[in-house]
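Protein chains in written order, with this note's numbering: chain V, 12 to 500; chain F, 160 to 591.
Backbone N, C-alpha and C define an ideal beta-carbon position, used for all residues, glycine too.
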Amino acid sequence: MKAKFSPYLTRLAQFFRELSQELSKDYNYVSILSTDSVGFAVRISQRSKSVSSKTMTTERGTVIRVHDQGLYSEYAFNDIDCSRAMYQTASERKAYVLETAEKIKTELGRQMNILKRTQTAVYTTPTLKDEERVLLVEKEAEILPEEADMEKLIENLGRLSDQGVASLEGALDCVMSAQCTHINKMFITPKQYLRQSYCYAEGTAVLIATNGEDTKFAYEGVSGLGGVEIFDGLEEKLLSAVKQAKELLSSGRIEPGEYDIITAPSITGLIAHEAFGHGVEMDMFVKNRALGKEYINQRVGSDLVTMHEGALCGDTVTAFAFDDEGTLAGDVTEIDHGILKTGICDALAALRLGVEPTGNGKRENFEHKVYTRMTNTVFDSGSDSLEEMIASIKHGYLLDGTESGMEDPKHWGIQCIVSRGYEIRVGVLTGRVVSPVVMTGYVPDLLGSISMASSDRVLEGNGGCGKGYKEWVKVADGGPYLKARARLG
Amino acid sequence: MNIDFLISALKESGAGAWEITDQKNHGWEFYFIRHKLDQNRAKDVEHVTVKVYEVLEDGKFLGSASMEIPPTASEDEIRKMIGDLSFRARLVKNPFYRLNPGDGKPHQNLKMVSLENISDDFIRTMKNLPEEETRDINSYEIFISEMNRRYINSEGADYTDVYPSSMLEVVINARTEEKDHEIELYRMLTSGTCDSLHIAEEIEKAMAYGTDKLKAENTPMLGKVPVVFSTDNSLEFYHYFEAQMDAALKYQQISRAEIGQPVLAGMQGDQISMKAVAFLPNSSHNFSTDTEGAPIEDRWLIKDGIAENFYGARQFSQYLGLEKSSQVFNIVVEGGSKSEEELRQGNFLEAVEFSDFQVDPMTGDIAGEIRLAYWHHDGRVQIVSGGSVSGNMKEAAENMYFSREKKLYDGMDVPAVIRFEILTITGIGGDQ
Chain V
12 MKAKFSPYLT RLAQFFRELS QELSKDYNYV SILSTDSVGF AVRISQRSKS
62 VSSKTMTTER GTVIRVHDQG LYSEYAFNDI DCSRAMYQTA SERKAYVLET
112 AEKIKTELGR QMNILKRTQT AVYTTPTLKD EERVLLVEKE AEILPEEADM
162 EKLIENLGRL SDQGVASLEG ALDCVMSAQC THINKMFITP KQYLRQSYCY
212 AEGTAVLIAT NGEDTKFAYE GVSGLGGVEI FDGLEEKLLS AVKQAKELLS
262 SGRIEPGEYD IITAPSITGL IAHEAFGHGV EMDMFVKNRA LGKEYINQRV
312 GSDLVTMHEG ALCGDTVTAF AFDDEGTLAG DVTEIDHGIL KTGICDALAA
362 LRLGVEPTGN GKRENFEHKV YTRMTNTVFD SGSDSLEEMI ASIKHGYLLD
412 GTESGMEDPK HWGIQCIVSR GYEIRVGVLT GRVVSPVVMT GYVPDLLGSI
462 SMASSDRVLE GNGGCGKGYK EWVKVADGGP YLKARARLG
Chain F
160 MNIDFLISAL KESGAGAWEI TDQKNHGWEF YFIRHKLDQN RAKDVEHVTV
210 KVYEVLEDGK FLGSASMEIP PTASEDEIRK MIGDLSFRAR LVKNPFYRLN
260 PGDGKPHQNL KMVSLENISD DFIRTMKNLP EEETRDINSY EIFISEMNRR
310 YINSEGADYT DVYPSSMLEV VINARTEEKD HEIELYRMLT SGTCDSLHIA
360 EEIEKAMAYG TDKLKAENTP MLGKVPVVFS TDNSLEFYHY FEAQMDAALK
410 YQQISRAEIG QPVLAGMQGD QISMKAVAFL PNSSHNFSTD TEGAPIEDRW
460 LIKDGIAENF YGARQFSQYL GLEKSSQVFN IVVEGGSKSE EELRQGNFLE
510 AVEFSDFQVD PMTGDIAGEI RLAYWHHDGR VQIVSGGSVS GNMKEAAENM
560 YFSREKKLYD GMDVPAVIRF EILTITGIGG DQ
């Protein structure tokens, strides 16, 4: 079924169109992004249970962007007098439009006074184009979060939590989580009227276990574009988490050094995200904060490295139809057979750089500024099999399970903290597991060392991505198994 | 939002208990590229979160469900939302606990906040930072908020805190005189209002690190060596100890701390003493009560290495039978037995910049890629970069020492320097 667009936003549309026209009298660009995204989050463990209607992306609010004398300014708010905005006659609504416009101008005017007082200069930016566009996208979902059978879902998660604890000696708890969000966003300018509605869901199984000395936790997740039906995959993921927990409880420490490695799709995705995800966010080019700017059309990886980025690259948690600036979703080939071709770009950075935006302007929510952000970041598949890759390694590790990652776009340093390393000796997995593993290196060296890629491909979208240490958004990443060489500690 | 209507609707609903958190944020933001304004933003938002509780099976269990009610919700919508919450609350059974009681009277802890004045202070402070041809400010973002948080519950609690909250994110560049090599460093500073002196100190220090990083060699394969931490990365160690005293982690059997016992076995160096406090100068967390209406009082969490008190959310605190407890926002860690100078004796690596330094609060695993460190050995200092620090708190804390000198980072007042006698350094420049 289609995820129906928010009736609340539809009722507000006329008010916002009139407000955008009113503000256009004082500003040379006006856009309005209004959101009404609803959902739920359930967390069931042996020792505590919770249910809430808040997820990482639930929100209801509005942000207005204006442009005057080279400066972009924004005003975000979430209190609207609906009786005046939705239901009155055109003339009565006009009074509320004028009142709201005045409030916005006054608040931004207070800020301008401070800027004058401190003699602050403006980083001048051209005006965004406004062209006639109308769009309504309603994507498919079997069961919307608003229609979820919460009793059944909670009961099922409880059963899985019981099953997880019973499956593992030393289990302290099994935490089952499920979140589902129905995103509704409306983008309005004097000439544009864009609406989109889609659902995504993510669920996790976390096993916490001890061997009497150490406490370890194993984690597996499901995620994707769709509704509550996504959680059907959780039972299989729980079995995998139980297996991982057993491995972690008997794991040892790695001998630091440089090794041949095989990255499972989760780690392939982490490398894609950290290496040439953040590294080619082009708002960083504007500030001269990314080395990638100087490497366009140069080699940054082996011939096996082709990488795509864009909301059109997969049916994942971030498969939107247009971004938070009204730019349509894209599919950008960032690296083509080892050659860096381009980056990704929000609309304002694109204006400053003289390029086209790529549909990567995202906000944490309506309260936050737009930055260039990732959507789906993914390595293309190759033609090798995992078995062939393992057989080719004399001494190394198969790395799986993302804990965290951090990029350094200015110097192309990369840090990935990996949950598990499976030892390979003379072409076979020995059964020895090391944990955790810190993989560090220089991005072109790491990508340049990729010598094999499997023919399959997986994208995952659990968790969130920050810019620096804030601005959390949903992203997905992945790819095939890759063979490379890296420093592990 | 009409909070009075919401309260009356909750009372009419017959809910077993309820609580409302009304969080208003009037905020201003300024984004700069170099010292030119890239964008200015203002926000005026209100987030009202309602939690409904239902007593189940004759008081054996308590169910709860929460929801944010938009300020735009109509009265009919609010009644329906409360009904949905009541239904969902019956689906999640937790062992019974009580909400924090109040005296039925409103209490207000109000601080004057001037967005204009704080904005002016931040902008002028940033413009006045000393810069040179070879080190300067790349970009910065200023966030200033007047926060207004009201907590009300069915047991008579009604507390309002109005307070300032600020954040400054700064990117600093350093480059060679030939301008053929440039690096960047990142700082995120949080506070109540603008602390110009602290900002200037932190940025000046970061610029000096930037200059040093340009000269850095590859970190050698040092193996197990003493490591000193003297920047805000050290907070990760204190957060690990703080987590061991969290009632939620104790109840979930993740923390093994026992009151009256050493918080970690085998600590032979300085014994950690950690206190939760209500107030720290210019902290962005100086509240009268926590987010569940529990009064915040000064309380030892760990004293001389011995676990003294757990702390945390009302639910888990009551499960542990804690008489007095609250969430913790400000922390003081006592200074140790040695001066900073004494901690910098012998061979040691002083690690000051990381890609992302982490100490896992559950496992105690320590990990971080080194962006800048000083390898002190055989009477000389080598500036190094690359490779990683790793270890685990259970072994590392056996020989851990704190400086007598202290350093304040927003809600954390901690020793300026911490030294571990053994951590593993995986280098990239060959054996030492």
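Item to check | Whole beta strand (DSSP E) elements within the stretch 531–575 of chain F, 3-residue minimum | outcome: Counting only runs of 3 or more, we get 539–544, 547–551, 559–561, 565–568 and 571–574.
Next on the checklist: Since V:Arg104 and V:Glu29 should fall inside the 8 Å C-beta cutoff, what is the C-beta to C-beta distance between them, to a whole number of angstroms?
Outcome noted: With a Cβ gap of about 7 Å, V:Arg104 and V:Glu29 count as contacting.
Next on the checklist: When you compare the CB of V:Asp160 with every CB in chain F, is at least one pair closer than 7 Å?
Outcome noted: Proximity of V:Asp160 to chain F, defined by a Cβ-Cβ separation below 7 Å, is not satisfied.
Next on the checklist: Quick check: the stretch 359–377 of chain F against the stretch 521–539 of chain F, are at least 3 beta-carbon pairs closer than 8 Å?
Outcome noted: Cβ pair count under 8 Å is three or more, so yes.
Next on the checklist: I'd like to know whether the C-beta of F:Lys372 is nearer than 7 Å to at least one C-beta of chain V.
Outcome noted: Judged by the 7 Å Cβ criterion, F:Lys372 is not in contact with chain V.
Next on the checklist: Buried or exposed, going by whether 16 or more other CB atoms sit within 10 Å of the CB of F:Gly347?
Outcome noted: Looking at the sequence shown, residue 347 of chain F is not Gly but Met. Classification for F:Met347: exposed.
Item to check | Contact list for F:Asn297 against chain V, beta-carbon separation under 8 Å | outcome: By Cβ distance, chain V contributes Lys298, Asn299 and Arg300.
Next on the checklist: With the cut-off set at 7 Å, would you say V:Ala182 and V:Ala220 are in Cβ contact?
Outcome noted: Yes. Within cutoff.
Item to check | contact_flag[the stretch 254–266 of chain V, the stretch 383–391 of chain V] where n(CB pairs < 8 Å) is 3 or more | outcome: At 8 Å Cβ cutoff, the stretches do not touch.
Item to check | Spatial distance of F:Arg257 from F:Ser443 (CA atoms) | outcome: Cα to Cα, F:Arg257 sits roughly 29 Å from F:Ser443.
Next on the checklist: For V:Cys185, report the span of its beta strand (DSSP E) as first-last.
Outcome noted: From DSSP, the beta strand (DSSP E) with V:Cys185 extends over Ala182 to Ile199.
Checklist entry - Would you report the Cα separation of V:Pro18 and V:Lys116, rounded to the nearest angstrom? => result Between the alpha carbons of V:Pro18 and V:Lys116 lies a distance of about 29 Å.
Next on the checklist: Quick check on V:Lys421 - is its C-beta less than 7 Å from some C-beta in chain F?
Outcome noted: Chain F contact via Cβ: present.
Checklist entry - Roughly how many whole angstroms lie between the Cα atoms of F:Gly545 and F:Arg503? => result Going from the Cα of F:Gly545 to the Cα of F:Arg503 covers about 21 Å.
Item to check | Buried versus exposed call for F:Gln267 [16 or more other C-beta atoms within 10 Å across all chains shown] | outcome: Counting every other CB atom within 10 Å of its CB across the protein chains shown gives F:Gln267 a total below 16, marking it as exposed.
Next on the checklist: Within 10 Å of its beta-carbon, does F:His340 have 16 or more other beta-carbons around it, so buried, or fewer, so exposed?
Outcome noted: Per the 10 Å Cβ criterion, exposed.
Next on the checklist: So, at 7 Å on beta carbons, what are the nonlocal neighbours of F:Phe513 in its own chain, with the 5 sequence-adjacent residues on each side left out?
Outcome noted: For F:Phe513, where only same-chain residues beyond five positions count, the Cβ hits under 7 Å are Asn392, Gly527, Glu528, Ile529 and Arg530.
Item to check | Interface flag, F:Glu343 vs chain V, CB-CB below 7 Å | outcome: Yes, F:Glu343 counts as interfacial toward chain V.
Item to check | chain F contacts from the stretch 73–105 of chain V (Cβ-Cβ distance under 7 Å) | outcome: Within the stretch 73–105 of chain V, the residues whose Cβ lies closer than 7 Å to some Cβ of chain F are Leu82, Tyr83, Ser84, Glu85, Tyr86, Ala87, Phe88, Asn89, Asp90, Ile91 and Cys93, listed in chain order.
Checklist entry - chain F partners of V:Tyr480, CB-CB under 7 Å? => result For V:Tyr480, the C-beta contacts it makes with chain F under 7 Å involve Met347, in order along the chain.
Checklist entry - Which of the three DSSP states, helix, strand or coil, is assigned to V:Cys324? => result In the three-state reduction of the DSSP assignment, V:Cys324 falls in the helix class.
Item to check | Three-state class that DSSP yields for V:Gln25 in the structure shown | outcome: The DSSP-derived three-state label of V:Gln25 is helix.
Next on the checklist: Using a Cβ distance threshold of 8 Å, determine whether the stretch 408–422 of chain F contacts the stretch 451–469 of chain F, with at least three qualifying pairs required.
Outcome noted: Contact holds: three or more Cβ-Cβ distances are below 8 Å.
Checklist entry - Between which two residues does the beta strand (DSSP E) carrying V:Phe228 extend? => result Segment Thr226 to Leu236, the beta strand (DSSP E) holding V:Phe228.
Checklist entry - Name the chain V residues whose beta carbon is nearer than 8 Å to that of F:Ser484? => result By Cβ distance, chain V contributes nothing, its closest Cβ being about 16 Å from F:Ser484, past 8 Å.
Item to check | Counterpart residues of V:Phe333 in DSSP-defined beta bridges | outcome: The partner list for V:Phe333 (beta bridge, DSSP) reads V:Leu339.
Checklist entry - Is it true that the CB of V:Val316 sits closer than 7 Å to the CB of V:Leu351? => result No, these two residues do not count as a Cβ contact at 7 Å.
Checklist entry - If we count Cβ pairs, one from each stretch, closer than 8 Å, do we get three or more for the stretch 423–435 of chain V versus the stretch 444–464 of chain V? => result Short answer: they touch.
Next on the checklist: Counting only C-beta atoms, is F:Asp457 closer than 7 Å to chain V at any point?
Outcome noted: Chain V contact via Cβ: absent.
Next on the checklist: Rounding to the nearest angstrom, what Cα-Cα distance links V:Leu364 and V:Asn299 in this structure?
Outcome noted: When rounded, the distance between both Cα atoms is 11 Å.
Checklist entry - Run through DSSP, which three-state label would F:Ser233 get? => result Three-state DSSP puts F:Ser233 in coil, outside helix and strand.
Checklist entry - Three or more C-beta pairs closer than 8 Å, one from the stretch 371–387 of chain V and one from the stretch 170–183 of chain F: is that the case here? => result Too few Cβ pairs lie closer than 8 Å, so no.
Next on the checklist: Looking at V:Leu108: is its Cβ nearer than 7 Å to the Cβ of V:Tyr204?
Outcome noted: It is Val, not Leu, that sits at residue 108 of chain V in the sequence shown. The answer is no: Cβ separation not under 7 Å.
Checklist entry - Between V:Ser208 and chain F, is there a C-beta pair that is closer than 7 Å? => result Against chain F, the CB of V:Ser208 has no partner CB under 7 Å away; the residue lies outside that interface.
Item to check | Reduced DSSP category for V:Pro156 - H, G, I as helix; E, B as strand; rest coil | outcome: Per DSSP, reduced to three states, the secondary structure at V:Pro156 is helical.
Item to check | Length-filtered (4 minimum) alpha helix (DSSP H) runs lying within the stretch 98–132 of chain V | outcome: Taken in chain order, the whole alpha helix (DSSP H) runs of length 4 or more contained in the stretch 98–132 of chain V are 101–128.
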